[in-house]
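Heads up: the structure comes next, in structure tokens.
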Amino acid sequence: MARLVVARSMTTMRTARVPVAEGVSLHCVTAGEAPGKPALLCFPGAMGTVETDFAPQLEALSDAFQVVSFDPRGYGQSRPPSRTFPTGFYERDADDAAELMRQLGERPRARNWNWNWNWI
């Protein structure tokens, strides 16, 4: 029977709580930090978190990008506050993501890569 050998990566992942609005800080994980690398934001989907949606991508893409992912407001380690769904909550989540990138020193740019593999 063949034996599976798993190589461990030397990728350093950093975690932080980043303030994005009054009373709201998001749990954020970054990997692949280095000057000159473009930033890639991985935005979790419905009820997703850094760990459930993007753990493999944080490591696999960190050679080419500074990979950033976060737990949206009210999910995972970004609690409190509790998750709410007011009118416009998608826009609020997008604003949180843009502010997160600003706080990390990145200029927000828009691309959409989701489970449907759409690009904007």
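Sequential numbering of the sequence shown, starting at 106, is according to our numbering. We put the beta carbon where it would ideally sit given N, CA and C, even for glycine. Small disclaimer: the values here were computed from a predicted structure and weren't measured.
Alpha carbon to alpha carbon, how far is residue j from residue i? Give it in angstroms, no decimals.
| i | j | result |
| --- | --- | --- |
| residue 220 | residue 204 | Because residue 220 sits at a pLDDT of 48, beneath the cut-off of 50, its placement in the model cannot be relied upon, and the point is left open. |
| residue 129 | residue 161 | 27 angstroms |
| residue 111 | residue 152 | In this prediction, residue 111 scores a pLDDT of 35, lower than 50, which makes its location untrustworthy; no coordinate-derived value is stated. |
| residue 228 | residue 136 | No answer is possible for residue 228: the residues shown for the chain start at 106 and end at 225. |
| residue 141 | residue 131 | 25 angstroms |
| residue 117 | residue 184 | 24 angstroms |
Who are the Cβ neighbours of residue i in its own chain at under 6 angstroms, not counting the five residues just before and after it?
| i | result |
| --- | --- |
| residue 159 | 147 and 174 |
| residue 108 | With a pLDDT of 46 at residue 108, under the threshold of 50, the modelled position of that residue is not reliable, and no figure is offered here. |
By Cβ distance below 8 angstroms, which residues in the same chain neighbour residue i in space, the five residues on each side in sequence not counted?
| i | result |
| --- | --- |
| residue 186 | 128, 129, 178 and 179 |
| residue 145 | 166, 170, 171, 172 and 173 |
On the DSSP letters alone, give me the boundaries of the alpha helix (DSSP H) that residue i sits inside.
| i | result |
| --- | --- |
| residue 171 | First-last for residue 171: 171-175, but that is the beta strand (DSSP E), not the alpha helix (DSSP H). |
| residue 118 | Unbroken run through residue 118 is the beta strand (DSSP E), 118-126; no alpha helix (DSSP H). |
Name the residue from the options whose alpha carbon lies nearest to the alpha carbon of residue i.
| i | options | result |
| --- | --- | --- |
| residue 150 | 208, 119, 211 and 202 | 202 |
Would residue i and residue j qualify as a contact pair, given that the criterion is a beta-carbon distance under 8 angstroms?
| i | j | result |
| --- | --- | --- |
| residue 134 | residue 208 | no |
Where does the unbroken beta strand (DSSP E) through residue i begin, and where does it stop?
| i | result |
| --- | --- |
| residue 135 | 129-136 |
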